[in-house]
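Trainee:
Residue numbers (the numbering used here): 382 to 618.
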């Protein structure tokens with residue numbers, strides 16, 4: 382005699398809940414282990430190198446680079462006309478990759494929809510690059526690491542970031558014509574898809590690792606990105 386339907390349903394629900402918590406446990410353990418293990422262990426800052434910064438808003442990390450350098454000129458690829466107020470006096474550009482739905486439909490956590498989160502978690506949404514023009518580098522601190530890298534490392538970093546943009550048939554970046562978060566930022570079409578395993582912070586870690594910077598093997602959260610990066614010196618007592 383078969384079990385009543387409600388007992389079968391209970392078993393299915395119970396197994397699903399247990400499976401979900403086992404997945405979360407394994408995800409957390411993997412994150413901790415791979416955050417602890419560094420890549421590029423021989424990395425050392427270049428004394429007279431190019432200064433970049435890795436900045437977090439508390440959740441999402443960006444890489445900040447000079448707008449103009451002999452190796453790469455970001456203003457030749459990205460236009461100040463795509464934002465409301467930036468111009469050639471802005472010396473730095475902040476670049477980050479992420480889920481398009483989160484970027485465009487979720488300016489604050491209060492705007493987050495369950496459908497947006499589910500699409501982002503399971504490869505069901507496209508991605509975007511978020512570009513913000515800056516007058517200067519932010520100061521090093523809990524949410525910002527300043528790193529000096531060599532020309533070769535900077536060239537590799539620019540190459541990685543540039544190749545993330547989804548270009549059109551004319552090999553130009555594709556501006557997404559939606560309002561930014563302020564007067565100095567814009568969104569652009571990007572390659573690849575966001576997921577639980579490739580988050581915005583994983584992209585940042587991958588970019589730094591490609592450039593030869595010492596960073597964790599996997600960086601799903603912003604603290605994972607900062608774990609092996611240079612930290613500001615403690616103030617003298």
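Every residue, glycine too, gets a C-beta built ideally from N, C-alpha and C.
(1) When you compare only the Cα positions, how much space is there between residue 609 and residue 419?
(2) Does DSSP classify residue 407 as helix, strand or coil?
(3) Are the CB atoms of residue 461 and residue 516 nearer to each other than 8 Å?
(4) Among the candidates 583, 600, 590 and 401, whose CA atom is the shortest distance from the CA of residue 535?
(5) Can you tell me whether residue 512 is buried or exposed, with buried defined as 16 or more other CB within 10 angstroms of its CB?
(6) DSSP on residue 392, reduced to helix/strand/coil?
(7) Helix, strand or coil for residue 569 per DSSP?
(8) If you draw a straight line from the alpha carbon of residue 485 to that of residue 559, how long is it in whole angstroms?
(9) Compare the C-alpha of residue 537 against each of 603, 444 and 588 and name the closest.
Mentor: Taking the definition as stated:
(1) 7 Å
(2) helix
(3) no
(4) 590
(5) buried
(6) helix
(7) strand
(8) 7 Å
(9) 588
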